[in-house]
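Numbering (our numbering), first residue to last: 868 to 946.
We treat Cβ as the ideally placed atom computed from N, Cα and C, and that holds for glycine.
Computed from a predicted structure; not experimentally measured.
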């Protein structure tokens, strides 16, 4: 099936694709100090703000959907 091979090359079943493995060409990284791997307070605050922003967007969409459905129900009930 040429269309399946074009859209899904990894599921085409060709042995050349299945035989290929990703080789690690990067040298191993030296172990970093524990203080460098721990997240900084600025990073934690940024991640919290991003999560709050995402939740605010989701809540706004839910509230707008409820208001729109209520408005449509009132329009239908009026007619």
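**Asked** Per DSSP, what kind of secondary structure is residue 905 in: helix, strand or coil?
**Response** Residue 905 falls in the coil class under three-state DSSP.
**Prompt:** Would you report the Cα separation of residue 918 and residue 946, rounded to the nearest angstrom?
**Reply:** Using only the alpha carbons, I get a separation of about 42 Å.
**Asked** CA-CA distance, residue 1033 and residue 920?
**Response** In the structure as shown, the chain begins at 868 and stops at 946. Residue 1033 is therefore absent and cannot be evaluated.
**Request:** Give the DSSP-derived three-state secondary structure of residue 885 in the structure shown.
**Result:** Interpretation of residue 885 is limited by its pLDDT of 49, a score under 50 that renders its predicted location unreliable; the figure taken from the coordinates is listed afterwards. In this structure, residue 885 counts as helix in the three-state DSSP scheme.
**Message:** Quick check: what's the CA-CA separation for residue 932 versus residue 915?
**Reply:** Rounded to the nearest angstrom, the two C-alpha atoms are 26 Å apart.
**Asked** In whole angstroms, what separates the C-alpha of residue 885 from that of residue 911?
**Response** With a pLDDT of only 49 at residue 885, under 50, the local geometry of the prediction cannot be trusted, and no value is derived from it.
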